[in-house]
Amino acid sequence: MKNLPLILAYVFLAPFVGGLLAGIDRKISARMQSRIGPPLFQPFYDVLKLLEKENLVARRSQNLYIIFYLLFMVFTGGLFFAGGDILLVIFAFTLAAIFLVLGAYKASSPYSFIGAERELLQMMAYEPAVIFTAIGMYMVTKSFFVSDIAAFRTPLWQYLPGIFLSFVFILALKLRKSPFDLSSSHHAHQEIVRGITTEFSGKALAMIELTHWYETVLVMGIVYLFFTPGVLFAAAMTLFVYFFTILVDNTFARVKWQLAVNSCWIVTIVLGIANIIVLFLLKR
Amino acid sequence: MAYLKRSPWLIHYDASSCNGCDIEVLACLTPVYDVERFGIINTGNPKHADIFLVTGSVNEENKEVIRNIYAQMPEPKVVVAVGICATSGGIFAECYNVSGGIDKVIPVDVYVPGCAARPESIIDGVVKALGILEEKHKKGVKK
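Just so you know, the sequences run in chain order A and B. Residue numbering for the first sequence follows my numbering, beginning at 257 and increasing consecutively. Residue numbering for the second sequence follows my numbering, beginning at 33 and increasing consecutively.
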């Protein structure tokens, strides 16, 4: 299997990188709000504390779905970093997210129901942009494989500016940040108690948090693909995009789901299709 | 291990309080006192919480709610009664509808007096509660 070191690095190191990114997010958000903020490793303390708590469930089988959520997210990320088919990565990602939604439906409380429905709406909102990303990358590099896309000689953002911008627009959805943190607000937003994660506690909640870290590293990996080759430049731009989502998170309030879905689709369709048409015309 | 101390999540409930103590509790989250530096998050979900911060003297409507929230919290958990009303009923202790303090309903671990309790006292009370939480965890692990 090619890229085995990278796959193993992802499986074992992504939690640390993702947790560190989460810690940086909380620290920067706190500083933007004139506070000192938690220590950088706070997300790790949170997860380790959750492992020490009692496991309380509303339904006996709800935690089973969370185990599958974690496993499929690790599988998706591993596939991505192995240089696999980006279409398969996108749909395996969707499958992993559906397990979380199923777990919340299984827990069957009004808050987790609403959270689960909002999560499905969020997925509807970001899927077009993600699929356009795969299409755009195929049109430029003539391959769906991440290994070929990563090895392409020119940075992809030069060919795919519209698609890149629409991907950054929906990044807030994927990372669960304002203005699109509808389903499971991360810090202290209590609109629907905790939304999709309401009925999970102890080890299950720790697994959900861990899966979010794997997800963050995977999504940042997709952003990185727009800027290869040039490792330092791509890494710097990826961190800058992450910082930009933190800035947007602190600037905007949460919007209603209609505005979230409509704005994501309009931005994706206008920028994405314009990009694809321009590429198509240029190739002739 | 000491992770319960480093990441205490609280749930705050107002049991017929005049809201004075509640305002002070929320003031702890503002930039002046900023309890998030200790990893404290005010989660609204009892299933995610370690510390139950209750204010107010208790009336008949609240008793069931307080028991309900307490029951939903996973072990280990501690209860902090904030303000003199939560401790003993305060100036409302003689009223016909007031039960007189949280410990009439659920076991309380830390009492924070004051009317309204100052943010410094509340933070001090929460820190004491963290010590008790650690002890409960150790006892639970030994079993």
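By construction, the Cβ of each residue, glycine as well, lies at the ideal position given by its N, Cα and C atoms. The model shown is predicted, which means the values in this text are computed figures rather than measured ones.
What does a CB cutoff of less than 7 angstroms around M493 (chain A) pick up in its chain, not counting 5 residues either side in sequence?
Contacts found: F483.
Is V517 (chain A) near the ligand GTP, in the sense that its beta carbon is under 7 angstroms from a heavy atom of that ligand?
Among the ligands in the structure shown, none appear at all, so the ligand GTP cannot be discussed.
How big is the Cα-Cα spacing for S49 (chain B) and I116 (chain B)?
10 angstroms
Work out the CA separation of A352 (chain A) and L262 (chain A) for me, nearest whole Å.
21 angstroms
Three-state class that DSSP yields for L427 (chain A) in the structure shown:
Helix.
In the structure shown, what three-state DSSP assignment does L335 (chain A) receive?
helix
Between which two residues does the alpha helix (DSSP H) carrying W41 (chain B) extend?
It is not in any alpha helix (DSSP H) - W41 (chain B) instead sits in the beta strand (DSSP E) that spans W41 to D46.
Option nearest F425 (chain A) by Cα separation, candidates A:S403, A:V473, A:I522 and A:L335
Of A:S403, A:V473, A:I522 and A:L335, the residue nearest in Cα terms is A:I522.
Anything in the segment 449–464 of chain A with a Cβ closer than 9 angstroms to a Cβ of chain B? List those residues in chain order, please.
V449, R450, T453, T454, E455, F456, S457, G458 and L461
Alpha carbon to alpha carbon, what distance is there between L162 (chain B) and A149 (chain B)?
18 angstroms
Cross-chain neighbours of A58 (chain B) in chain A, by beta carbon under 9 angstroms
It is worth fixing the name first, because residue 58 (chain B) is Leu in this sequence and not Ala. Per Cβ cutoff of 9 angstroms: no residues; L58 (chain B) is ~11 angstroms from chain A at best.
Could you tell me whether any Cβ in chain A is nearer than 8 angstroms to the Cβ of I36 (chain B)?
In the sequence under discussion, the amino acid at residue 36 (chain B) is Leu, which differs from the Ile named in the question. At least one chain A Cβ lies under 8 angstroms of L36 (chain B).
Give the interface partners of P294 (chain A) over in chain B, defined as CB-CB distance under 7 angstroms, in chain order.
E68, R69 and G71
Among the residues of its own chain, which have a CB less than 7 angstroms from the CB of R99 (chain B), if the five just before and after it don't count?
V137 and I138
Buried or exposed: K539 (chain A), going by 16 or more other Cβ atoms within 10 Å of its Cβ?
exposed
Excluding the five sequence neighbours on either side, which residues of its own chain have a C-beta within less than 7 angstroms of the C-beta of L466 (chain A), listed in chain order?
P271, V303 and L326
Give the interface partners of P139 (chain B) over in chain A, defined as CB-CB distance under 8 angstroms, in chain order.
Correct list: empty, because the minimum Cβ distance to chain A is about 17 angstroms.
Cross-chain neighbours of Y301 (chain A) in chain B, by beta carbon under 8 angstroms:
Y35, R38, S39 and G71
What residues of chain B sit near A286 (chain A), judged by a beta carbon separation below 7 angstroms?
E68
Does DSSP put L85 (chain B) in a helix, a strand or coil?
strand
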